[in-house]
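**Q** So that we are looking at the same thing, I have put the structure below in C-alpha cells.
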Amino acid sequence: MSHCRPYSGTFTGEAGPSGRIPPRSEIPQEYTWNLEAVFPSADEWEESFLLLGGEMERLGGYCGRLFESPETLLEFLKLEEAASERLGKLYAYAVMKSHEDTADAARQARADRAGTLLAAYGAALSFYRPEVLAAGQEKVNGAIEGCSALGKYRHHFDDLLRTAGHVLGLQEEEILARSGEIARTPENAFSLLTNADLTFPVILDEAGRETELSEERYYLLSRSKDRRVRKDAFEGLFTTYGKYRNTLAALYSGSVKSDLFYSRARKYPSALEASLHGDNISPSVYSMVVDTVNRNLDALHGYMALRKKALGLEELRMYDLNVPLADEPETRILYGKAVEMVTDGLAPLGAEYLDVLKKGFSSRWFDVFENQGKRKGAYSWGSYGTHPYMLLNYNGTLRDVFTIAHEAGHSLHTWFSHAGQPQVYADYTIFLAEVASTTNEALLLESLLEKAPKEEKIFLLNHYLDQVRTTVYRQTMFAEFERETHSLAEKGEALTAELLCALWKELNERYHGPEMVLDDALSVEWARIPHFYSAFYVYKYVTGFAAAGCLSSNILRGGEEERRRYIRFLSRGSSAYSLDILREAGVDMTSPVPLEQTLRSFREKTALLEELLEQGS
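Mapping of the sequence shown onto the numbering used here: residues 768 to 1384, in sequence order.
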C-alpha cells in the first residue's frame, strides 16, 4: 500500500490523506454519500420507524385470511411490499449511518433497533409461507385467474410452492423464526473471540520496530519483502489460534449442528441440499465445481513452482503466497483519475451502462475516503426505492481502483434490477451477486493490461493470478472442507480440533502440490475463517468468478447484441431462477465449460507472467 502526502490538518488532495485520519467533518461533502436522500433527518427516520409498527399490525391481521378472495391476497401483497420497502430504507439508513462513525453510540443504538425490527418483521410475517403452502397450487392458480393483477406474482408463488415439502405448520415456523437468534450464537461468539478477545504477539517489522499483530495487519505483513517478517507474522497468528483450537472447534461444531438441525427440521436429505434449495441449485453443480477444480490442480501447482522460482526460494512456504512478484506502482492515483480509469475500462459495456455509472459518480452514490471511526473495507448497499450506495476507503492505489470497479458492478446490478423489475423480483440472488462485480474487474484488467508498461503488466498479471488462486482454488478448497465436515457430522462423527486440523492439512497438501512445504501451524487455519459460519456459501464465489470470465470475454469479443444481453442479465433480478438467468446471458453453470475456460486463462496468464519475468528488467 503506497502512502500519500501526510495529512496537514486540512483536506488538501483528491486522493485523500494518509497521515492523521481526519474527522468526518473535514471530508468535503462531494466525497460523501448522500443518505439524506433516504431520510433527511433522524427525526424522519423515527417517524417512519413508528409507521412500520402500525403496518406490521395490519399485516398480522391477514393471518388466516389470505385466500378469502383474490382481492384480499392482492391487498396483502401490496401492503407487504410497501412495508418491506419502508423496512429496507430504515435498516439500510441506520446501518450505513452507523458505518460513518462506528464510535458514535447513538448511531449504533439506532442500528441495533433496526436489527431488532428486522427480526420482528420476519416473525410477524411467519404465517405467510405456511398459509400459501396450505392453500396449494390449485387455490393459488384460482386466485391468479380471478385477479389479473396477481399474474406478476406467478413465479414468486411457483418458487414458494416448490418448498412445500420443507415448510412446517404456523406454530413450528414461528418457533424456527424465533430460534434464529439462538442459532447465530456460535458465529457471534466466534466473532467476539477473534475480533475482540484474542491477543496476538508483538513482532518486529522490516525496520525493526515493534508491531502488535492483528488480523488486519497480518495481511499487510504477509506481503512484506522481508521473509523473516512474513514468517514471524505467520507463526504469531497461527500459534495464537492454535491455543484456542478446542474452543474454536466447539464453536464450529455448534454451527454445523445448527445447520443439521434446520435441514432435518425441514426434511432435507442433507445440510448441503437444504442450503442449495433456496437458489434451486442441484448438489451436482456443487460437485461439478469441486471436481473441475480438482482436475486442474496441476495449473495451481505450476503457479506455485513459478512463485518459488520468481522469489528465489529453496522452499516455498504458505507465508510466501501473498508477497507480490512485482511492486504495486508507487504513483498515487487521484480519485478523479481512478474514476476515469474505471469509466474507460467499462466502456465495452456501452452507453446505457456508462450513463448510469457516471450518474453514480456525480450524484454522491460513493462515500470515498477514510475518516475517524469509519467502517473499514468496501461494500455496495441500498434498498428498493433508493439508488445504490457504495462505501470505500480510497487511498490512491491501483487495488483501490479495482475496488471501485468491483463495487460499481454490484451497484449497477442493483440499479438495473430495481429499474427493470417489480419489487417482488427486484433483488438478485446471492448466487448471482458476484457476477457483475467480477465482470467489471475482468474488463478493467484487460483495459489496463493493454496499456501497461512491463513492470505494471507483471503486477497486473500477478494480481489476476492471485485472484484465481484465492477465489477459485482456495474457495473450492473451503467448499470441500464444508462438504466433508457436514458429511462427517451427519454420520455422527465428532468434529474435534484434531479431526479438523488433519482434514485441513490434507486439503492444503493436495491443492498446493509438491512445491509447497506445509508448516504444522497451518493446520489450524480453518479456525479463523468466518465464511464457515455461513455454510455452503463460498462455492458461489467460484461460480460467480467463472461466469464473469465468460461474460467479460463475450462482451470484449462481441458487439451490440452481447451488450444488450448483458444489460438484460443485470435487469432480471430474481424474476427467474439463477441458472436460467445466466443461461439466457450465454453462460451454462451446470456445465464445467465456464470454469474450465477460467482455468485455461489462468494457465495462459501464468505462462505469460513467466515469460515476462524471464526477460528480466
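Glycine included, each C-beta is placed from N, C-alpha and C at the ideal position.
1. Out of curiosity, what's the CA-to-CA distance linking L802 and H1185?
2. With the cut-off set at 7 Å, would you say L1262 and S1020 are in Cβ contact?
3. Measure the CB-CB distance between L1267 and W1293 and report whether it falls below 7 Å.
4. What are the boundary residues of the beta strand (DSSP E) that includes S1147?
5. Run through DSSP, which three-state label would L971 get?
6. In this structure, how does DSSP classify R825 when only helix, strand and coil are distinguished?
7. Among the residues of its own chain, which have a CB less than 8 Å from the CB of Q1364, if the five just before and after it don't count?
8. Could you pull the DSSP bridge partners for T1006 from this structure?
9. With a cut-off of 7 Å, does the C-beta of D1065 fall near any C-beta of chain D?
10. For D1134, write down the residues that DSSP places opposite it in a beta bridge.
11. Quick one: residues in its chain with C-beta nearer than 8 Å to the C-beta of T1357, no 5 flanking neighbours on either side, listed in chain order?
12. Tell me the DSSP bridge mates of M1390?
13. Given this structure, state the Cα-to-Cα distance separating R1212 from L1227, to the nearest angstrom.
14. Using DSSP with H/G/I as helix, E/B as strand and the rest coil, what is M1108?
15. Counting pairs of beta carbons, one from the segment 1060-1070 and one from the segment 1227-1239, are three or more of them closer than 8 Å?
16. Would you list, in sequence order, the uninterrupted alpha helix (DSSP H) runs of no fewer than 4 residues that lie entirely inside the segment 935-992?
17. Do E1201 and G1127 have their C-beta atoms closer together than 7 Å?
18. Which residues bound the alpha helix (DSSP H) around F738?
19. By DSSP, does G780 sit in helix, in strand, or in coil?
20. Classify A872 as buried or exposed, calling it buried when 16 or more other Cβ atoms lie within 10 Å of its own Cβ.
21. Use the C-beta contact count for I949: other C-beta atoms within 10 angstroms, 16 or more gives buried, fewer gives exposed.
22. Which one or two residues does DSSP pair with V1284 in a beta bridge?
23. Do G1340 and Q1139 come within 7 Å of each other at the CB atom, strictly closer than that value?
24. Go through its chain and collect everything with a Cβ distance to G776's Cβ below 7 Å, but skip five positions before and after it.
25. Leaving out five residues before and five after R1142 in sequence, what residues of the same chain have Cβ atoms less than 7 Å from its Cβ?
26. Under 7 Å, do Y860 and V805 count as touching if we go by C-beta distance?
27. What three-state label does DSSP hand A1376 in the structure shown?
28. Please return the same chain residues whose Cβ sits closer than 7 Å to the Cβ of R1330, not counting the five positions on each side in sequence.
29. State whether the segment 834-846 contacts the segment 901-915, with contact taken as three or more CB pairs (one from each stretch) at a distance under 8 Å.
30. State buried or exposed for I1171, treating a residue as buried only when at least 16 other CB atoms are found within 10 Å of its CB.
31. Would the segment 951-969 count as touching the segment 1020-1037 if we require 3 or more Cβ pairs under 8 Å?
32. Give the range of the alpha helix (DSSP H) segment to which V1123 is assigned.
33. According to DSSP, simplified to helix, strand and coil, what is M1356?
34. Straight-line CA distance for R1332 to E1351?
35. Locate the alpha helix (DSSP H) running through T1014, then write down its first and last residues.
36. Going by Cα to Cα distance, which pick from F1303, E847, G975 is closest to S1042?
**A** A quick look at the data gives this:
1. Within the sequence shown, the letter at position 35 stands for residue 802. Within the sequence shown, the letter at position 418 stands for residue 1185. Here the alpha carbons of H1185 and L802 stand approximately 18 Å from one another.
2. By 1-based counting over the sequence shown, the position of residue 1262 is 495. By 1-based counting over the sequence shown, the position of residue 1020 is 253. Yes; because the gap between Cβ atoms is below 7 Å, this pair is in contact.
3. Mapped onto the sequence shown, residue 1267 falls at position 500. Mapped onto the sequence shown, residue 1293 falls at position 526. The answer is yes: Cβ separation under 7 Å.
4. For the purposes of this step, residue 1147 is taken as residue 380 along the sequence shown, with counting starting at 1. Per DSSP, the continuous beta strand (DSSP E) segment holding S1147 begins and ends at 1146-1148.
5. Residue 971 sits at position 204 when you count from the first residue of the sequence shown. Note: L971 maps to strand in three-state DSSP.
6. Here the question's residue 825 lines up with position 58 in the sequence shown. Judged by DSSP in its simplified three-state form, R825 adopts helix.
7. To locate residue 1364, count along the sequence shown from 1; it is residue 597. Taken in chain order, the residues that qualify are A1313, G1316, C1317, S1320.
8. Position 239 of the sequence shown, counted from the first residue, corresponds to residue 1006. DSSP output for T1006 lists no bridge partner at all.
9. Of the protein chains in this structure there is only one, and it is not chain D.
10. On the sequence shown, position 367 is the one that residue 1134 refers to. Beta bridge pairing from DSSP links D1134 with L1158.
11. The residue you call residue 1357 lines up with position 590 of the sequence shown. The beta carbon of T1357 sits closer than 8 Å to those of S1049, S1051, V1052, M1055, L1346, all from its chain and outside the five residues before and after it, given in chain order.
12. Here the chain covers residues 768 to 1384 and nothing more, so residue 1390 does not appear.
13. As a first step, residue 1212 is located in the sequence shown; it is residue number 445 there, counting from the start. As a first step, residue 1227 is located in the sequence shown; it is residue number 460 there, counting from the start. Before going on, a small fix: residue 1212 reads as Leu here, not Arg. Going from the Cα of L1212 to the Cα of L1227 covers about 7 Å.
14. The sequence position of residue 1108 within the sequence shown is 341, counting from 1. M1108 falls in the helix class under three-state DSSP.
15. These segments touch.
16. Scanning the segment 935-992 for uninterrupted alpha helix (DSSP H) segments of 4 residues or longer gives 937-950, 952-959, 982-988, listed from N- to C-terminal end.
17. Here residue 1201 is taken as the residue at index 434 of the sequence shown, counted from 1. Here residue 1127 is taken as the residue at index 360 of the sequence shown, counted from 1. Cβ atoms of E1201 and G1127: not closer than 7 Å.
18. The requested residue 738 is not part of the displayed model; the chain covers only 768 to 1384.
19. In the sequence shown, counting from the first residue as 1, residue 780 sits at position 13. Caution is warranted here: a pLDDT of 46 is assigned to G780, below 50, making its placement in the model unreliable, and the coordinate value is therefore given only provisionally. Three-state DSSP puts G780 in coil, outside helix and strand.
20. Walking along the sequence shown from the start, residue 872 turns up at place 105. By the 10 Å Cβ count, A872 comes out exposed.
21. Here residue 949 refers to the residue found at position 182 when the sequence shown is read from its first residue. Within 10 angstroms of the beta-carbon of I949 lie fewer than 16 other beta-carbons, which makes it exposed.
22. In the sequence shown, the residue the question calls residue 1284 occupies position 517. Under DSSP, V1284 shares a beta bridge with R1084.
23. Taking the first residue of the sequence shown as 1, we reach residue 1139 at position 372. Taking the first residue of the sequence shown as 1, we reach residue 1340 at position 573. Cβ atoms of Q1139 and G1340: not closer than 7 Å.
24. On the sequence shown, residue 776 is found 9 positions in, with the first residue counted as 1. Since pLDDT at G776 reaches only 35, below the 50 mark, its modelled position is unreliable, and the value read off the structure follows with that caveat. By the criterion of a C-beta distance shorter than 7 Å, G776 is surrounded by no residue of its chain, once the five residues flanking it on both sides are discounted.
25. In the sequence shown, the residue the question calls residue 1142 occupies position 375. Excluding positions up to five away in sequence, the list reads H866, T869, L1158.
26. What you label residue 860 is simply residue 93 of the sequence shown in a count that begins at 1. What you label residue 805 is simply residue 38 of the sequence shown in a count that begins at 1. Judged by their CB atoms, Y860 and V805 are nearer to each other than the 7 Å cut-off.
27. Counting from 1 along the sequence shown, the entry for residue 1376 is found at position 609. Reading off the sequence shown, one finds Leu at residue 1376, where the question assumed Ala. Reduced to three states, the DSSP call for L1376 is helix.
28. Reading the sequence shown from its first residue, position 563 is the one you call residue 1330. The answer, listed in chain order, is L1116, G1117, I1322.
29. Touching, yes, given that three or more Cβ pairs across the two stretches are closer than 8 Å.
30. Within the sequence shown, numbered from 1, the residue matching residue 1171 stands at position 404. It is buried - the Cβ of I1171 has at least 16 other Cβ atoms within 10 Å.
31. Contact between the segment 951-969 and the segment 1020-1037 is present, with at least three C-beta pairs closer than 8 Å.
32. Here residue 1123 is taken as the residue at index 356 of the sequence shown, counted from 1. That run of the alpha helix (DSSP H) goes 1118-1129.
33. Numbered from its first residue, the sequence shown carries residue 1356 at position 589. DSSP places M1356 in coil when its eight states are reduced to three.
34. Counting from 1 along the sequence shown, the entry for residue 1332 is found at position 565. Counting from 1 along the sequence shown, the entry for residue 1351 is found at position 584. One Cα belongs to R1332, the other to E1351, and the distance between them is close to 8 Å.
35. Here the question's residue 1014 lines up with position 247 in the sequence shown. Per DSSP, T1014 belongs to the alpha helix (DSSP H) from 1012-1032.
36. Position 275 of the sequence shown, counted from the first residue, corresponds to residue 1042. Ranking F1303, E847, G975 by Cα distance to S1042 puts F1303 first.
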